[in-house]
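Protein chains in written order, with this note's numbering: chain A, 102 to 447; chain B, 0 to 336.
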């Protein structure tokens, strides 16, 4: 296993609003390495690494702790649970899966009617999320009610796996970003930067960029770097000119995405740094999807930021795939950017 | 080993149609202490023999599972595939799979689909068909070793929940567990009929294995077991015991009455299933083997058949084994039918 801690991070359950396990895992690792650390009202974990004081500038590094998942909407008479999605989940990735329900992580299945008895004309129609059910082995509503209630979180249950240069897991989005931040911090061991660096592991990105703004207002940074996991699209459905990114071609740099054109000076700094250090990188060539950078641009007087991502196939599904080298490229580029501090000098 | 654990181990074993070896080793280990002999026949059935006197009985359960077969691998390592046995494309998306290639090695893959961010609105209502689905095998450093004809199954681990077990291949390995349990029950008796527990190959593509075995064994009674749909409307439910198939030209009437009476006399829970023609199970081939074999069919209720999360109830498995063992013992000395 090349990325032991990324495995731990990805296997932790943490849908939007239920990120505590992820945050406390990260806190336990980073606390000894920072000058101060706190968890704020909404659940963001923020850590401060003080500089020498020569510069009054502040750099914010950000990744989100939440992942997409489901939530119990109704307990049915037959003891099954109806649910809705938390964040963007396609109903087509849900059938025939094991899930974990509630704070006690009770295992259940999202089954589907056997092919033998289905209406053949509906075989290739996407069922609505409202028609799918979680079955936990209960046969009556009362049995289910003993252990569950509406609002219970539902988590995908995928074991992290590495094969050669690739890894499969449920929540690379955005546990890769979470791990990048931890690795940057580790790379700063013995370093004293002139400026203060703030690490923010923020909540609720997947339900509308809810956590990042709150974190930024506590930090008031001069610039931010957002570490994300972004969609690839380099699978057979699309011709290569429609791919957003591609696995194995290095860190993904974003010039614009949903709701934001990114700060050109920061983007240029990132590109220069990558080139100077011979780090292979790629641009995200579709603007679909957004990141917390869009929120940061809208808080205080607007925080300029850069976005660097690890690309992922089948993002927002229980079985996303990354190339480990892309992730390591992000870590390398990120550590250089922080140490050089040029993203702050404009 | 608990019965739930046995069900989990059987379901987890890799055993696509015609390649059931790994399942055989789980069964050999579990049934070995309770039978006199186990062997594999020419076509690939595993047969465990409990020697006795009087009637010769064959018990048929299939141990293959619905599978995928690779039809093409492109230069980047994306593989196309077809299904062996009825598979709903809807339950395949976003599954991990295990592929066994000709070099004997297992490789991994993911059945992917374009992320929602990149999909067109018009196609969101459609599920990709087998023409569009693919296995992303590019993640294997040596994906070029994967070839046409390699077999794959969904890679998902079975687990217990509330007295049930969920897994990918409980059709029909939950019934194989019944056979193993029946052998264990029979081992408590000093004299039993001769029972051949036949773990059949290739049921999912037309009940091929059962045919040869039933011809060769020259049995007086054949009992096939398979799963049936949990279906409240048709009064077949998990937790209410095996469904005895009643009526229908496939089922021997006198033996059915004996079995049903044995269940009632011994207060073993049963329910009834009905098939008006062929049953679509190993029972079809057993009945017409040799000069004809009196045949029964016991069906284990199952939810979500042919999905990676099939569900059976452990107590149904145990109850069916008790019923069968007792029934076989009761046949000893019973008059010739």
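Note that the Cβ used here is the ideal one computed from N, Cα and C, for glycine as well. Because the structure is a prediction, the values reported are computed rather than measured.
query: Any C-beta of chain B under 8 angstroms from that of residue 186 (chain A); result: no
query: Residue-level contact to chain A via CB, residue 139 (chain B), 8 angstroms cutoff; result: yes
query: C-beta neighbour in chain A for residue 17 (chain B), strict 8 angstroms; result: no
query: Near-chain A residues of the segment 299-317 of chain B - C-beta to any C-beta below 9 angstroms; result: 301, 302, 303, 304, 305, 306, 307, 308, 309, 310 and 312
query: Beta carbon proximity, residue 70 (chain B) to chain A, threshold 8 angstroms; result: no
query: Any chain A beta carbon closer than 8 angstroms to residue 93 (chain B); result: yes
query: Contact list for residue 297 (chain B) against chain A, beta-carbon separation under 8 angstroms; result: Chain A residues near residue 297 (chain B): none, gap ~19 angstroms exceeds 8 angstroms.
query: Alpha carbon of residue 130 (chain B) to alpha carbon of residue 102 (chain B), nearest angstrom; result: 27 angstroms
query: Contacts of residue 226 (chain A) in chain B (Cβ-Cβ under 8 angstroms); result: 124, 125 and 126
query: Cross-strand partners of residue 225 (chain A) (DSSP beta bridge); result: Bridge partners of residue 225 (chain A): none, in fact.
query: Simplified DSSP state of residue 274 (chain A), which is helix, strand or coil; result: helix
query: Proximal residues of chain B, C-beta to C-beta of residue 145 (chain A) below 7 angstroms; result: Result: empty, since nearest Cβ-Cβ is about 25 angstroms, beyond 7 angstroms.
query: Alpha-carbon spacing of residue 312 (chain B) relative to residue 321 (chain B), whole angstroms; result: 15 angstroms
query: Listed by chain order, chain A residues near residue 209 (chain B) by CB distance under 7 angstroms; result: Those do not exist, as residue 209 (chain B) stays about 19 angstroms from chain A at its closest Cβ, beyond 7 angstroms.
query: First through last residue of the alpha helix (DSSP H) which encompasses residue 257 (chain A); result: It is not in any alpha helix (DSSP H) - residue 257 (chain A) instead sits in the beta strand (DSSP E) that spans 254-257.
query: Option nearest residue 319 (chain A) by Cα separation, candidates A:114, A:375 and A:161; result: A:161
query: CA nearest to the CA of residue 268 (chain A), picked from A:348, A:223 and A:137; result: A:348
query: Residues that residue 297 (chain A) bridges to, as DSSP identifies them; result: A:159
query: Contact list for residue 155 (chain B) against chain A, beta-carbon separation under 9 angstroms; result: 197, 198 and 199
query: Straight-line gap, residue 156 (chain A) to residue 370 (chain A) (C-alpha atoms, nearest Å); result: 19 angstroms
query: Short CB-CB distance (under 8 angstroms) between residue 238 (chain A) and chain B; result: yes
query: Beta-carbon gap between residue 324 (chain B) and residue 185 (chain B) smaller than 8 angstroms; result: yes
query: Any chain B beta carbon closer than 8 angstroms to residue 265 (chain A); result: yes
query: Residues in the segment 397-409 of chain A having any Cβ partner in chain B nearer than 8 angstroms; result: none
query: Whole beta strand (DSSP E) elements within the segment 176-256 of chain A, 3-residue minimum; result: 182-187, 198-202 and 207-211
query: Residue 97 (chain B), enclosing alpha helix (DSSP H) - first and last residue; result: Premise fails: residue 97 (chain B) lies in the beta strand (DSSP E), 95-99, not in any alpha helix (DSSP H).
query: Nearest residue (CA-CA) to residue 185 (chain A), options A:129, A:174, A:109 and A:194; result: A:174
query: Contact set for residue 241 (chain A): own chain, Cβ-Cβ below 8 angstroms, skip 5 residues either direction; result: 178, 179 and 180
query: CB contact flag (residue 147 (chain B), residue 64 (chain B), <8 angstroms); result: no
query: Neighbour-count burial assignment, residue 223 (chain A), 16 or more Cβ in a 10 Å radius; result: exposed
query: Residue 140 (chain B) classed as buried or exposed, judged by whether at least 16 other C-beta atoms fall within 10 angstroms; result: exposed
query: Residue environment, residue 360 (chain B), which counts as buried when at least 16 other CB atoms sit within 10 Å; result: Outside the shown range of chain B, which is 0 to 336, sits residue 360 (chain B), and nothing can be said about it.
query: Contact belief for residue 48 (chain B) with residue 36 (chain B) at Cβ below 8 angstroms, rounded distance in angstroms; result: 5 angstroms
query: Inter-residue spacing [alpha-carbon to alpha-carbon] between residue 338 (chain A) and residue 136 (chain B); result: 15 angstroms
query: Buried or exposed by the 16-neighbour rule on C-beta atoms within 10 Å, applied to residue 139 (chain A); result: exposed
query: Residue 383 (chain A) and residue 343 (chain A) closer than 8 angstroms at C-beta; result: no
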